[in-house]
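*Asks:* Numbering (numbering that gives the first Met the number 0), first residue to last: 0 to 436.
C-beta: ideal position from N, C-alpha, C; glycine also.
Below you'll find the structure I mean.
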Amino acid sequence: MPGPSKRRQQPVDKFHPYGGTASSPKNKKQGSSGPSEAGVGPIQPSTTYSHGQASIISAFPRIPKISRKRGVVQTRDDLAELSDFSDNSSDGLPQWYLDIDLSKPSTQTSIRRTTTIELRRIIILMNDFDDRYGNISPYDCDDFFNKIRSQLHCLTLMTVNSAELKQVRTLDRDRGLPRLFDSSEAKEKYPWDIVLDAQELYNKWADQQLDPYLLAGIQINYPEGDRSRTRVSMELDKSYPRTSARFFGDDGLVNGQWFPTQLCALRDGAHGALQGGIYGSSEGEGAYSVVMKDSHYEDRDDGDVVWYCGTDSAGNFKITADTQYLRDSVRTGNPVRLLRGSQKITKKGKKQSTPELDEQHKYRPEMGLRYDGLYDVVQERELDSAIGKWIFKLVRREGQHPIRWEGLEARPTQNELKEWKRIKEVDLRQNEYGYTE
């Protein structure tokens with residue numbers, strides 16, 4: 000992954016674009032501290048980006064993935080061919096994958112036919128598309144893309160084991176998922192959302208994260224062990240591998256990557272605070288990440304440009320550590336990861352709606368949190384010195400794929416939404432709006 004680039008010089012506005020200082024509440028900022036999808040239509044080209052754009056191609060790392068260190072806080076004729084593993088594409092593959100011995104009876108007995116069929120399905124789709132590439136109608140091309148996209152979304156939530164991945168050669172550069180993202184040719188052929196989703200799935204499986212459960216590594220606590228009670232709490236399972244969020248840049252995170260809860264974002268190293276909206280370096284290097292979600296602050300979300308408030312102090316004319324992180328980011332130019340949270344829903348399943356709010360919230364995911372790329376903190380302004388209130392202008396870095404808030408590219412996918420609603424209802428005893436019954 001390329002290191003943080005020098006911050007672009009941005010024009011400094013005299014003031015933020017939506018008015019002057021507002022009244023400053025005394026409260027501290029909240030948040031500071033598988034079936035295929037139906038009804039998929041033809042791909043709508045982006046007005047700004049194309050999946051063959053050279054500047055975007057250069058933004059993606061090649062295999063092997065530069066992953067953050069994980070630790071405890073710390074029927075077709077070529078089906079048979081797919082199972083004959085060779086070492087022609089071993090370059091860059093994870094060692095655990097190379098070490099699997101498919102000749103062992105114990106390994107063979109762990110391989111489920113139903114799973115390998117689904118894994119092979121996407122390879123067959125790629126083979127068929129390659130056979131017809133260059134001589135295919137736009138309609139048939141979109142049909143292939145829809146099928147590949149849908150299969151990727153299904154595989155993301157499917158249980159697999161290491162032997163099944165090896166049997167089908169799913170991680171092989173010349174046969175498996177890398178064919179969708181690991182070359183300039185692939186990025187020319189396939190829509191950018193397919194490239195990103197294939198990269199994310201490869202990263203997950205290459206890192207041996209094979210449990211598709213959305214709350215994997217999170218312990219659900221039922222009061223006194225009584226599962227019939229409605230109120231539950233969640234915490235990280237201390238025995239589960241967790242990724243540190245103390246880094247600048249994306250480092251393996253993929254634009255649009257989705258997390259059902261902020262605890263999941265903490266688990267996967269996207270954001271390092273359990274509840275806080277700002278996470279940063281105590282050594283003056285700046286903020287690592289911020290979360291945009293409902294609050295009483297004067298935040299403004301225009302997509303590629305965001306106005307984001309720091310946290311209020313106790314009224315002693317000092318600024319909080321969280322606010323200082325963002326001030327340090329202005330000085331250092333280190334990029335900040337931005338995650339957007341879904342709009343809060345009332346017990347009656349309604350969202351507060353006005354034309355202005357609807358415009359402000361249009362970039363929000365339907366549920367959970369979504370990683371929307373890297374932003375530079377280019378401007379700061381003090382709003383109320385008595386409580387240390389500052390507002391910051393964040394500008395999305397160029398060369399990234401668009402924010403995945405609408406259309407076929409939107410995250411979370413319909414499969415993810417359906418599975419999360421099922422988990423909330425069955426495991427968390429919540430209704431579809433997130434409230435306990």
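#1: Can you tell me whether DSSP reads residue 122 as helix, strand or coil?
#2: Curious, which full-length beta strand (DSSP E) runs of at least 3 residues does the region 153 to 232 contain?
#3: How big is the Cα-Cα spacing for residue 222 and residue 258?
#4: Can you tell me which of the three DSSP states residue 252 falls into?
#5: Is the distance from the Cβ of residue 307 to the Cβ of residue 244 below 8 Å?
#6: On a Cα-Cα basis, can you pick out the residue from 267, 324, 336 and 118 that is closest to residue 399?
#7: Whole-angstrom Cβ separation of residue 338 and residue 368, contact assumed at under 8 Å?
#8: Among 253, 216 and 254, which residue has its Cα nearest to the Cα of residue 239?
#9: Compute the Euclidean distance between the alpha carbons of residue 359 and residue 109, then round it to the nearest angstrom.
#10: Under the assumption that residue 293 contacts residue 261 (Cβ atoms under 8 Å), give the Cβ distance between them as a whole number of angstroms.
#11: Short of 8 Å in beta carbon distance, which residues of its chain neighbour residue 158, apart from the five on each side in sequence? Order them along the chain.
#12: Could you round the C-beta distance between residue 327 and residue 284 to whole angstroms and report it? I think they count as a contact, below 8 Å.
#13: For residue 404, which three-state DSSP category applies?
#14: Return the CA-CA distance between residue 436 and residue 323, expressed in angstroms with no decimal places.
#15: From this set, 188, 151 and 161, which residue's C-alpha is nearest residue 133's C-alpha?
#16: Look at residue 418 and residue 213 and say whether their C-beta atoms are less than 8 Å apart.
#17: Could you give the first and the last residue of the continuous alpha helix (DSSP H) run that contains residue 97?
#18: Give every residue of the same chain whose Cβ lies closer than 8 Å to the Cβ of residue 437, excluding the five residues on either side of it in the sequence, and list them in chain order.
#19: Quick check on the burial criterion: 16 or more other C-beta atoms within 10 angstroms. Buried or exposed for residue 116?
#20: Do residue 151 and residue 92 come within 8 Å of each other at the CB atom, strictly closer than that value?
#21: Can you round the beta-carbon distance between residue 268 and residue 278 to whole angstroms, since I take them to be within the 8 Å contact cut?
#22: Three or more beta-carbon pairs under 8 Å between the region 157 to 174 and the region 129 to 146, yes or no?
#23: Using the rule of at least 16 other Cβ atoms within 10 Å of the residue's Cβ for burial, across every protein chain shown, is residue 371 buried or exposed?
#24: Are residue 392 and residue 304 close, meaning C-beta to C-beta below 8 Å?
#25: In angstroms with no decimal places, state the Cα-to-Cα distance between residue 149 and residue 313.
#26: Cβ of residue 363 within 8 Å of Cβ of residue 254?
#27: For residue 143, which residues from the same chain have a beta carbon less than 6 Å from its beta carbon, with the 5 sequence-adjacent residues on both sides left out?
#28: Determine the direct distance from the alpha carbon of residue 385 to that of residue 298, and round the result to whole angstroms.
*Replies:* The relevant details are as follows:
#1: helix
#2: 217 to 220
#3: 25 Å
#4: coil
#5: no
#6: 336
#7: 5 Å
#8: 216
#9: 50 Å
#10: 13 Å between Cβ atoms; not a contact.
#11: 114, 209, 210 and 211
#12: 6 Å
#13: coil
#14: Per-residue confidence for residue 436 stands at a pLDDT of 41, beneath the threshold of 50, marking its modelled position as unreliable; no derived number is given.
#15: 188
#16: yes
#17: 94 to 97
#18: Since the displayed the chain opens at 0 and closes at 436, residue 437 lies outside it and no answer follows.
#19: exposed
#20: no
#21: In fact, because the Cβ distance is near 11 Å, the residues do not count as touching under 8 Å.
#22: no
#23: buried
#24: yes
#25: 50 Å
#26: no
#27: 128
#28: 19 Å
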